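J.: A single structure is presented below for examination.
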Amino acid sequence: MTSETKQEKTVLLDQDGHLANREDWSEELAQELANIEDVGELTDRHWKVIKYIQKEFDEQGDAPSIRKLTKESGVSTKELYQLFPKGPAKKAAKIAGLPKPKGCI
Amino acid sequence: MKDILILGAGTSGTMMANKLSKALKSDEFRLTIVDKDETHYYQPGFLFIPFGIYSKEDVIKPKKNFFPKDTNVIVSEIDLIKPEENKVHLSSGDVLSYDYLIIATGTEIRPDEIEGMTDELWKKSIFDFYTIEGALALAEFLDDWEGGKLVLNIAEMPIKCPVAPLEFLFLADDYFKKKGMRDKVEIIFVTPLDAAFTKPIAARELGNFLEEKNINLVTEFNIGRVDNEEKKIISWDEREVEFDLLVTIPTNMGIEAIEKSEMGDELNFIPTDNHTLQSENWENIFVIGDATNLPSSKAGSVAHFESDVLFENLLSHINGEPLTASFDGHANCFIESGDGKGLLIDFNYDTEPLPGKFPIPGIGPFSLLKETKMNHIGKMGFKWLYWNMLIKGRDLPLESQMSMAGKIVPEKEEQETKTLQL
Numbered sequence: 001m002t003s004e005t006k007q008e009k010t011v012l013l014d015q016d017g018h019l020a021n022r023e024d025w026s027e028e029l030a031q032e033l034a035n036i037e038d039v040g041e042l043t044d045r046h047w048k049v050i051k052y053i054q055k056e057f058d059e060q061g062d063a064p065s066i067r068k069l070t071k072e073s074g075v076s077t078k079e080l081y082q083l084f085p086k087g088p089a090k091k092a093a094k095i096a097g098l099p100k101p102k103g104c105i
Numbered sequence: 001m002k003d004i005l006i007l008g009a010g011t012s013g014t015m016m017a018n019k020l021s022k023a024l025k026s027d028e029f030r031l032t033i034v035d036k037d038e039t040h041y042y043q044p045g046f047l048f049i050p051f052g053i054y055s056k057e058d059v060i061k062p063k064k065n066f067f068p069k070d071t072n073v074i075v076s077e078i079d080l081i082k083p084e085e086n087k088v089h090l091s092s093g094d095v096l097s098y099d100y101l102i103i104a105t106g107t108e109i110r111p112d113e114i115e116g117m118t119d120e121l122w123k124k125s126i127f128d129f130y131t132i133e134g135a136l137a138l139a140e141f142l143d144d145w146e147g148g149k150l151v152l153n154i155a156e157m158p159i160k161c162p163v164a165p166l167e168f169l170f171l172a173d174d175y176f177k178k179k180g181m182r183d184k185v186e187i188i189f190v191t192p193l194d195a196a197f198t199k200p201i202a203a204r205e206l207g208n209f210l211e212e213k214n215i216n217l218v219t220e221f222n223i224g225r226v227d228n229e230e231k232k233i234i235s236w237d238e239r240e241v242e243f244d245l246l247v248t249i250p251t252n253m254g255i256e257a258i259e260k261s262e263m264g265d266e267l268n269f270i271p272t273d274n275h276t277l278q279s280e281n282w283e284n285i286f287v288i289g290d291a292t293n294l295p296s297s298k299a300g301s302v303a304h305f306e307s308d309v310l311f312e313n314l315l316s317h318i319n320g321e322p323l324t325a326s327f328d329g330h331a332n333c334f335i336e337s338g339d340g341k342g343l344l345i346d347f348n349y350d351t352e353p354l355p356g357k358f359p360i361p362g363i364g365p366f367s368l369l370k371e372t373k374m375n376h377i378g379k380m381g382f383k384w385l386y387w388n389m390l391i392k393g394r395d396l397p398l399e400s401q402m403s404m405a406g407k408i409v410p411e412k413e414e415q416e417t418k419t420l421q422l
């Protein structure tokens with residue numbers, strides 16, 4: 001811990017509880033969101049997934065499905081569930097400051 | 001002479017052949033349709049087979065009954081599409097050329113995508129009801145089943161007809177009650193979703209139904225494998241659910257020819273413009289129904305509404321005009337809820353299923369998101385409509401665009417704010 005005084009920031013959430021405005025996102029905020037989601041301390045492996053889905057979102061307009069994550073991020077399905085328990089695609093999108101993936105209809 | 005080639009003669013492909021045949025001059029256009037199967041299946045009827053409500057005869061008819069006379073019909077598997085060359089290679093060895101291609105190859109269940117699913121318990125204690133074979137085998141199993149744990153599991157989204165698993169649960173509850181053995185069956189719904197359904201207002205309503213019918217709900221369960229010895233399904237995050245009877249909705253994927261042709265996404269669904277239904281990569285290819293990657297439901301009603309849009313846009317494209325017809329994601333689904341009742345939902349890309357009356361505002365006769373006998377009558381009457389009107393491409397008294405008339409819009413929940421410590 002480098003600073004003793006913590007900053008407070010109020011952010012707007014959408015109906016799924018994801019960030020409403022991407023501009024509010026920062027790496028510090030991601031860690032805070034990860035704590036809320038019980039993901040814990042974000043490691044390099046978490047960041048690999050988060051960066052990948054942000055890039056994918058910028059290119060495709062939607063966060064990727066778990067299948068696509070496994071195929072293209074270089075992280076196995078098993079590990080994805082260890083990193084982001086229960087719903088990796090949804091949880092990682094939330095921490096990355098992106099809306100809930102449209103994938104499931 | 002221009003060639004229009006339709007791949008797949010299911011609900012979508014058959015509708016398109018009929019619409020196009022009526023509209024195009026046969027001395028200018030040659031219409032060809034390819035399918036591996038000579039039998040047309042009324043797929044919404046599969047749901048009723050396990051419970052003895054429909055028999056095999058209710059859901060099958062020869063495909064040839066529904067093709068327009070002037071259409072060239074080829075029975076073969078599709079091997080490879082070469083969109084750069086405007087050619088399609090068939091498993092029979094024939095190569096077809098086209099000027100315009102409509103891909104209507106649908107989706108298939110892939111139980112082999114889940115570890116252990118197709119091992120020794122497959123078709124013994126594990127069944128699907130998305131194929132005629134699966135539905136018939138399950139009917140036979142249920143006939144003399146003495147009870148135990150019935151687990152219904154959705155492997156992953158998206159699936160064809162996302163309401164069918166719920167309907168199966170409601171009908172199962174009714175079936176065991178009528179057999180006087182409901183107390184001997186524990187029904188458990190295990191889903192990768194975080195609620196009973198994908199859309200919040202409908203999920204709440206349908207969740208209440210599950211509770212009323214004493215059906216247990218396990219959410220956010222993403223199946224990783226099946227343990228055949230211990231008879232349990234295990235999620236990727238190592239949660240376990242035991243079963244005596246597992247009814248699976250396996251992974252849904254587009255056909256392998258799409259993968260081989262490198263035209264699909266990770267599930268072999270084809271990137272398609274959400275509104276024009278033109279392929280995202282090739283101007284002379286249009287895609288319809290379950291084969292698309294559209295964020296709409298994979299359902300017959302969706303295919304039907306899409307067929308109007310695709311028809312208009314294909315004609316515009318042929319005439320060199322801009323594509324002005326726009327698909328809005330419209331879906332309209334009856335949901336059987338058991339005991340001679342049903343619900344109806346009507347929604348699109350932007351509007352989730354809402355309560356109200358349909359199609360005439362305030363009158364109906366159908367009620368949206370509400371259990372009525374009339375909705376059940378609608379569901380059962382649909383079979384006649386399907387065989388006699390829908391796949392023959394005749395106009396139904398239904399707009400392809402969703403209408404807000406008759407729908408009750410709930411007050412918008414305010415957006416939450418959250419204060420975080422950084």
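In the order they appear, the protein sequences are chains A and B. Taken in order, the first sequence gives residues 1 to 105; the numbers are from the UniProt record's numbering. Taken in order, the second sequence gives residues 1 to 422; the numbers are from the UniProt record's numbering. Cβ coordinates follow ideal geometry from the N, Cα and C atoms, glycine included. Nothing here was measured: the structure is a model prediction, and the numbers come from that model.
#1: Would you give the residue range spanned by the beta strand (DSSP E) that isoleucine 335 of chain B belongs to?
#2: Excluding five sequence neighbours on each side, which residues of the same chain lie with their C-beta closer than 8 Å to the C-beta of alanine 405 of chain B?
#3: Got a sec: is the Cβ-Cβ distance from residue 190 of chain A to anything in chain B below 8 Å?
#4: Return the residues of the segment 69 to 91 of chain A that lie within a Cβ-Cβ distance of less than 7 Å from chain B, sorted by chain order.
#5: To the nearest angstrom, how far is the alpha carbon of valine 151 of chain B from that of glutamate 220 of chain B?
#6: I'd like the ranges of any alpha helix (DSSP H) spanning at least 4 consecutive residues and lying wholly in the UniProt domain "FAD/NAD(P)-binding" (2 to 123) of chain B.
#7: I want to verify the contact list: residues of chain B whose CB lies under 7 Å from the CB of arginine 67 of chain A, in sequence order.
#8: Could you name the residues of the same chain whose beta carbon sits closer than 6 Å to that of asparagine 284 of chain B, not counting the 5 residues immediately before and after it, in chain order?
#9: Under a CB-based cut-off of 8 Å, is glutamate 352 of chain B close to chain A?
#10: When the cut-off is 8 Å and only beta carbons count, does glutamate 56 of chain A lie next to chain B?
#11: Keeping to the same chain, check which residues put their C-beta closer than 7 Å to that of phenylalanine 358 of chain B; ignore five residues upstream and five downstream.
#12: Measuring straight from C-alpha to C-alpha, what distance separates asparagine 281 of chain B and threonine 272 of chain B?
#13: For a quick check, are the C-beta atoms of isoleucine 109 of chain B and isoleucine 223 of chain B less than 8 Å apart?
#14: Closest Cβ-Cβ distance between glutamate 220 of chain B and chain A: below 8 Å?
#15: Glycine 52 of chain B and aspartate 35 of chain B look like a contact to me (Cβ under 8 Å); what is the Cβ gap, rounded to whole Å?
#16: Can you give me the Cβ contacts of leucine 390 of chain B inside the same chain, cut-off strictly under 8 Å, excluding the 5 residues immediately before and after it?
#17: Roughly how far, in whole angstroms, is the beta-carbon of threonine 351 of chain B from the beta-carbon of methionine 402 of chain B, given that I think they are within contact range, below 8 Å?
#18: Which residues, in order along the segment 232 to 266 of chain B, keep a beta-carbon less than 7 Å from a beta-carbon of chain A?
#19: Check whether chain B comes within 8 Å of threonine 10 of chain A, counting only Cβ atoms and requiring the distance to be less than that.
#20: Buried or exposed, going by whether 16 or more other CB atoms sit within 10 Å of the CB of tryptophan 384 of chain B?
#21: Comparing alpha-carbon positions, which option in B/Ile318, B/Ser235, B/Glu211 lies nearest glutamate 79 of chain A?
#22: Secondary structure at methionine 380 of chain B, three-state DSSP: helix, strand or coil?
#23: Within 10 Å of its beta-carbon, does asparagine 208 of chain B have 16 or more other beta-carbons around it, so buried, or fewer, so exposed?
#24: Under 8 Å, Cβ to Cβ, is there at least one residue of chain A near glutamate 108 of chain B?
#25: Who pairs with arginine 182 of chain B in a beta bridge, going by DSSP?
#26: Leaving out five residues on either side along the sequence, give the residues of the same chain with a beta carbon under 6 Å from the beta carbon of lysine 91 of chain A.
#27: Can you name, in chain order, every residue of its own chain whose Cβ lies under 6 Å from the Cβ of proline 353 of chain B, other than the five neighbours on each side?
#28: Would DSSP call glycine 370 of chain B helix, strand or coil?
#29: So, with DSSP's three-state summary, where would you put threonine 272 of chain B?
#30: For alanine 257 of chain B, tell me which candidate among B/Glu156, B/Phe334, B/His89, B/Ile33 has the shortest Cα-Cα distance.
#31: Please list the residues of the segment 355 to 373 of chain B that have a C-beta atom closer than 8 Å to any C-beta atom in chain A, keeping them in chain order.
#32: Across the segment 171 to 181 of chain B and the segment 117 to 136 of chain B, are there enough close Cβ pairs to call them in contact, namely three or more that are closer than 8 Å?
#33: In the structure shown, what three-state DSSP assignment does asparagine 214 of chain B receive?
#34: Chain A partners of threonine 417 of chain B, CB-CB under 8 Å?
#35: When the Cα atoms are used, what is the spatial distance from glutamate 28 of chain B to arginine 394 of chain B?
T.: Judging by the given coordinates:
#1: Locating residue 335 of chain B in the second sequence gives position 335, counting from the first residue. Its beta strand (DSSP E) spans residues 331 to 338.
#2: By 1-based counting over the second sequence, the position of residue 405 of chain B is 405. Once the five neighbours on either side are set aside, the close Cβ partners of alanine 405 of chain B are Pro361.
#3: Look at the range of chain A in this structure, 1 to 105, and you will see that residue 190 of chain A is not part of it.
#4: For the segment 69 to 91 of chain A, which is checked against every Cβ of chain B, the residues closer than 7 Å are Lys71, Thr77, Lys78, Tyr81, Pro85, Lys86, Gly87.
#5: As a working note, residue 151 of chain B is residue 151 in the second sequence. As a working note, residue 220 of chain B is residue 220 in the second sequence. If I take the Cα positions, the gap works out to 15 Å.
#6: Counting whole runs of 4 or more residues, the UniProt domain "FAD/NAD(P)-binding" (2 to 123) of chain B contains the alpha helix (DSSP H) stretches 11 to 23, 56 to 59.
#7: Working through the first sequence from its first residue, we reach residue 67 of chain A at position 67. Ordered by position in chain B, the residues that pass the 7 Å Cβ test against arginine 67 of chain A are Glu266, Leu267.
#8: Within the second sequence, the letter at position 284 stands for residue 284 of chain B. Cβ neighbours of asparagine 284 of chain B beyond the five flanking positions: Tyr100.
#9: Residue numbering aside, residue 352 of chain B sits at position 352 when the second sequence is read from its first letter. Proximity of glutamate 352 of chain B to chain A, defined by a Cβ-Cβ separation below 8 Å, is not satisfied.
#10: The residue given as residue 56 of chain A occupies position 56 in the first sequence. No, its Cβ sits nowhere closer than 8 Å to a Cβ of chain B.
#11: For the purposes of this step, residue 358 of chain B is taken as the residue at position 358 of the second sequence. Excluding sequence neighbours, phenylalanine 358 of chain B sits near Leu344, Asp346, Gly364, Phe366, Leu368, Gly406.
#12: Mapped onto the second sequence, residue 281 of chain B falls at position 281. Mapped onto the second sequence, residue 272 of chain B falls at position 272. One C-alpha to the other measures close to 8 Å.
#13: Counting from one through the second sequence, the residue named residue 109 of chain B turns up at place 109. Counting from one through the second sequence, the residue named residue 223 of chain B turns up at place 223. No. Outside cutoff.
#14: Position 220 of the second sequence, counted from the first residue, corresponds to residue 220 of chain B. Glutamate 220 of chain B has a beta carbon lying within less than 8 Å of a beta carbon in chain A.
#15: By 1-based counting over the second sequence, the position of residue 52 of chain B is 52. By 1-based counting over the second sequence, the position of residue 35 of chain B is 35. Taking a contact as a CB-CB distance under 8 Å, the pair glycine 52 of chain B and aspartate 35 of chain B does not count as one, their CB atoms being some 29 Å apart.
#16: Walking along the second sequence from the start, residue 390 of chain B turns up at place 390. Only residues of its own chain outside the window of five on either side were considered, and among them Thr11, Met15, Gly300, His304, Leu396 have a CB closer than 8 Å to the CB of leucine 390 of chain B, listed in chain order.
#17: Within the second sequence, numbered from 1, the residue matching residue 351 of chain B stands at position 351. Within the second sequence, numbered from 1, the residue matching residue 402 of chain B stands at position 402. Right, the Cβ-Cβ distance comes to about 7 Å (below 8 Å), so this counts as a contact.
#18: Going along the segment 232 to 266 of chain B in chain order, one finds Trp236, Asp237, Glu266 with a Cβ nearer than 7 Å to chain A.
#19: Looking up residue 10 of chain A in the first sequence gives position 10. Yes, because at least one Cβ of chain B sits closer than 8 Å to the Cβ of threonine 10 of chain A.
#20: As a working note, residue 384 of chain B is residue 384 in the second sequence. Exposed, because fewer than 16 other Cβ atoms sit within 10 Å of the Cβ of tryptophan 384 of chain B.
#21: Stepping through the first sequence from its first residue, residue 79 of chain A is reached at position 79. Taking only the C-alpha atoms, the option nearest glutamate 79 of chain A is B/Ser235.
#22: Position 380 of the second sequence, counting from 1, holds the residue named residue 380 of chain B. Residue state, collapsed to three classes: helix.
#23: Taking the second sequence and counting its residues from 1, the one referred to as residue 208 of chain B is at position 208. Exposed, since its Cβ has fewer than 16 Cβ neighbours within 10 Å.
#24: Within the second sequence, residue 108 of chain B is the residue found at index 108, counting from 1. Not an interface residue.
#25: By one-based count along the second sequence, residue 182 of chain B stands at place 182. For arginine 182 of chain B, which the question treats as bridged, DSSP gives no partner whatsoever.
#26: By one-based count along the first sequence, residue 91 of chain A stands at place 91. Glu37, Phe84.
#27: On the second sequence, residue 353 of chain B is found 353 positions in, with the first residue counted as 1. Cβ neighbours of proline 353 of chain B beyond the five flanking positions: Lys199, Ala202, Ile345, Phe347, Leu369.
#28: Residue numbering aside, residue 370 of chain B sits at position 370 when the second sequence is read from its first letter. Here residue 370 of chain B turns out to be lysine, not glycine, going by the sequence shown. DSSP places lysine 370 of chain B in the coil class of the three-state scheme, outside both helix and strand.
#29: Numbered from 1 along the second sequence, position 272 holds the residue referred to as residue 272 of chain B. For threonine 272 of chain B, the three-state secondary structure derived from DSSP is strand.
#30: In the second sequence, the residue the question calls residue 257 of chain B occupies position 257. Scanning B/Glu156, B/Phe334, B/His89, B/Ile33 for the CA closest to the CA of alanine 257 of chain B turns up B/His89.
#31: Residues of the segment 355 to 373 of chain B with a C-beta atom less than 8 Å from some C-beta of chain A do not occur.
#32: At 8 Å Cβ cutoff, the stretches do not touch.
#33: On the second sequence, position 214 is the one that residue 214 of chain B refers to. In this structure, DSSP gives asparagine 214 of chain B a state outside helix and strand, which the three-state scheme calls coil.
#34: Indexing the second sequence from 1 puts residue 417 of chain B at position 417. Under the 8 Å cutoff, chain A gives Thr10, Val11, Leu12, Leu13.
#35: The residue labelled residue 28 of chain B in the question sits at position 28 within the second sequence. The residue labelled residue 394 of chain B in the question sits at position 394 within the second sequence. Computed Cα separation, rounded: 23 Å.
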